[in-house]
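In our numbering, the protein residues as written are 27 to 260. Everything on this sheet refers to the single structure shown next.
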């Protein structure tokens, strides 16, 4: 193979791209890639939830029965710190927690084991919250437990900020185990549905059954709606 040399015409100067321009192009491409990755990591789980799980959950809460009394008449509907359970409902109407309790909750299907539930504080970063004024485990009535959730890919059953992030994966028939003092109670899930933040019916007390209600925000990572999991004592 032969080569030949072609001389550049008089006055021709080879122009090289400045290093600063190369760096800016590389930096811009990196930022674009990171932005697309971050957006996808947030949008994809929400899209999957909306297409796969949300259609399974009815959005209408069940009407209260005649022997039901409603706990808490006012819902706070502003953007507050939702790691504090007092931000979910009005602190002015929060029942007095005269009886302080602590117990553990396990959900085998979600690999949640011996998560602490308390009613003597409101910090969802520290534990699950048993809402004061609702039934204790094993008692007639409706025991209500709040838990925090984030995007499902960050779920860690040992981290109370993420502990309810996969609650939407539960199905009727799954079991929840409560250890309260020397007693162990097993609840079976009967219903899972979504409701609006201003719906207080999940807190209602009906004394013809022993019910456990789990509540978190949904879709995971947002505060748009509430996911309600209802279980009854076996």
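All residues carry an ideal CB built from backbone N, CA and C; glycine is no exception.
Residues of its chain near residue i, where Cβ-Cβ distance is below 8 angstroms and the 5 sequence neighbours each way are ignored
i	result
residue 183	136, 137, 138, 139, 141, 189
Test: residue i CB closer than 8 angstroms to a CB of chain C
i	result
residue 238	Of the chains in the structure shown, none is chain C; there is only one protein chain.
Contacts around residue i, its chain only, beta-carbon distance under 7 angstroms, and the 5 residues preceding and following it disregarded
i	result
residue 176	187, 188, 191, 246, 247
residue 185	none
Under 8 angstroms between C-beta atoms of residue i and residue j
i	j	result
residue 239	residue 193	no
residue 157	residue 229	yes
residue 205	residue 237	no
residue 196	residue 174	no
Span separating the alpha-carbon of residue i from that of residue j
i	j	result
residue 154	residue 127	12 angstroms
residue 164	residue 133	17 angstroms
residue 99	residue 218	Because residue 99 carries a pLDDT of 36, less than 50, the predicted location of this residue cannot be relied on, and the following value inherits that uncertainty. Going by the C-alpha atoms only, they are around 23 angstroms apart.
residue 117	residue 168	Low confidence applies here, because residue 117 scores a pLDDT of 45, under 50, leaving its location unreliable; read the following figure in that light. Residue 117 and residue 168: Cα-Cα distance of roughly 20 angstroms.
residue 231	residue 159	9 angstroms
residue 227	residue 172	14 angstroms
residue 260	residue 166	13 angstroms
residue 162	residue 249	27 angstroms
residue 207	residue 181	28 angstroms
residue 147	residue 131	17 angstroms
residue 222	residue 125	30 angstroms
Nonlocal neighbours in the same chain, by C-beta distance under 6 angstroms from residue i, ignoring five residues either side
i	result
residue 170	157, 160, 229, 239
residue 144	128, 153
residue 256	216, 217, 239
residue 203	132, 212
CB-CB length for residue i against residue j, believed under 8 angstroms
i	j	result
residue 201	residue 212	6 angstroms
residue 214	residue 199	7 angstroms
Completely contained beta strand (DSSP E) runs for the region 155 to 189, where each covers 3 or more residues: Unbroken beta strand (DSSP E) runs of no fewer than 3 residues, entirely contained in the region 155 to 189, are found at 167 to 172, following chain order.
Segments of 3+ residues assigned as beta strand (DSSP E) that fall wholly inside the region 196 to 229: Those beta strand (DSSP E) runs which fall completely within the region 196 to 229 and span 3+ residues are 201 to 206, 209 to 221.
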